[in-house]
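The sequence shown begins at 0 in numbering that gives the first Met the number 0 and counts up one residue at a time.
We put the CB at the ideal spot given by N, CA and C, even for glycine.
Notes to accompany the following structure.
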Amino acid sequence: MKNYDICCSREFSFSDARLSRIFSVDPVFSSMEKNLRTDDNGFLGLSITQLEALWVTKVLRKIGVEAYPICNKYRLSSLRKDEARDIAKNHLVKIQKETVGFDFQELQDAPAAWWIDKIAFCFFSKSEKMALDDISPPGVIVCVDRMNFTVMEKEDLLYAELPIMLIE
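In structure tokens form, the structure reads like this:
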């Protein structure tokens, strides 16, 4: 299925001189338009297979472009940050019931890799008790998937990192 796009951390165009030769010799690149450029959100606007997306991402990273293959459905996400925060708050309430004794504070925006921001809203709730007990991180990180409006589990986050691991 051709349902993947490439997202770049900064403005980029396929007309970049570093790609001129690859367009004439690579079958994946030769099927693409040379004048493609990122939109305001960093997406190139492609509709390619996951394998092609991994290949294009690998080539772009080799020439120094921070890129990430992303399923097109994330470009269509309608989840707002305030809605994601409400989902994260509800999840935090569940965690507090399961981990009695930790003093979780109000959710704050959590810094995340630029590409994670394209697929999830991430929040952090600090706990002074966890910090005093030398637990790292001293709190809870909650990431809410932008497409299915659910809290991402550890496996979801590992799966999101898998494309980068495969091409490095």
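7 Å CB neighbourhood of residue i in its chain, flanking five on each side removed
i: V64; result: C7, F11
i: C70; result: N2, Y3
i: K33; result: F13, S14, F22
i: K153; result: none
For residue i, the residue or residues it bridges with in DSSP
i: V143; result: F120, V150
i: Y67; result: C6
i: I166; result: Note: I166 sits in no beta bridge, so no partner.
i: F103; result: S126
i: S12; result: R36
i: D108; result: F122
i: I47; result: Y3
i: G181; result: Residue 181 is absent from the model: the chain starts at 0 and stops at 167.
Neighbour-count burial assignment, residue i, 16 or more Cβ in a 10 Å radius
i: G138; result: buried
i: D38; result: exposed
i: I134; result: exposed
i: V55; result: buried
i: D4; result: buried
i: L45; result: buried
i: L59; result: buried
Whether residue i touches residue j by CB criterion (8 Å)
i: M146; j: K72; result: yes
i: R17; j: I62; result: yes
i: R74; j: F42; result: yes
Close-in-space but distant-in-sequence residues of the same chain around residue i (CB under 8 Å, 5 per side omitted)
i: L53; result: P68, P162, L165, I166
i: V150; result: I86, A87, H90, V141, C142, V143, D144
i: E82; result: F148
i: S29; result: F22, S23
CB-CB length for residue i against residue j, believed under 8 Å
i: V141; j: L91; result: 6 Å
i: Q104; j: K125; result: 5 Å
i: E127; j: D108; result: Incorrect: roughly 19 Å between the Cβ atoms, too far for contact.
i: F148; j: L78; result: 6 Å
i: A159; j: I118; result: 6 Å
Same chain, Cβ closer than 6 Å to residue i, five either side skipped, listed in chain order
i: A87; result: L106, F122, V141, V143
i: E51; result: V27
i: W113; result: S8
i: I47; result: K1, Y3
i: T98; result: none
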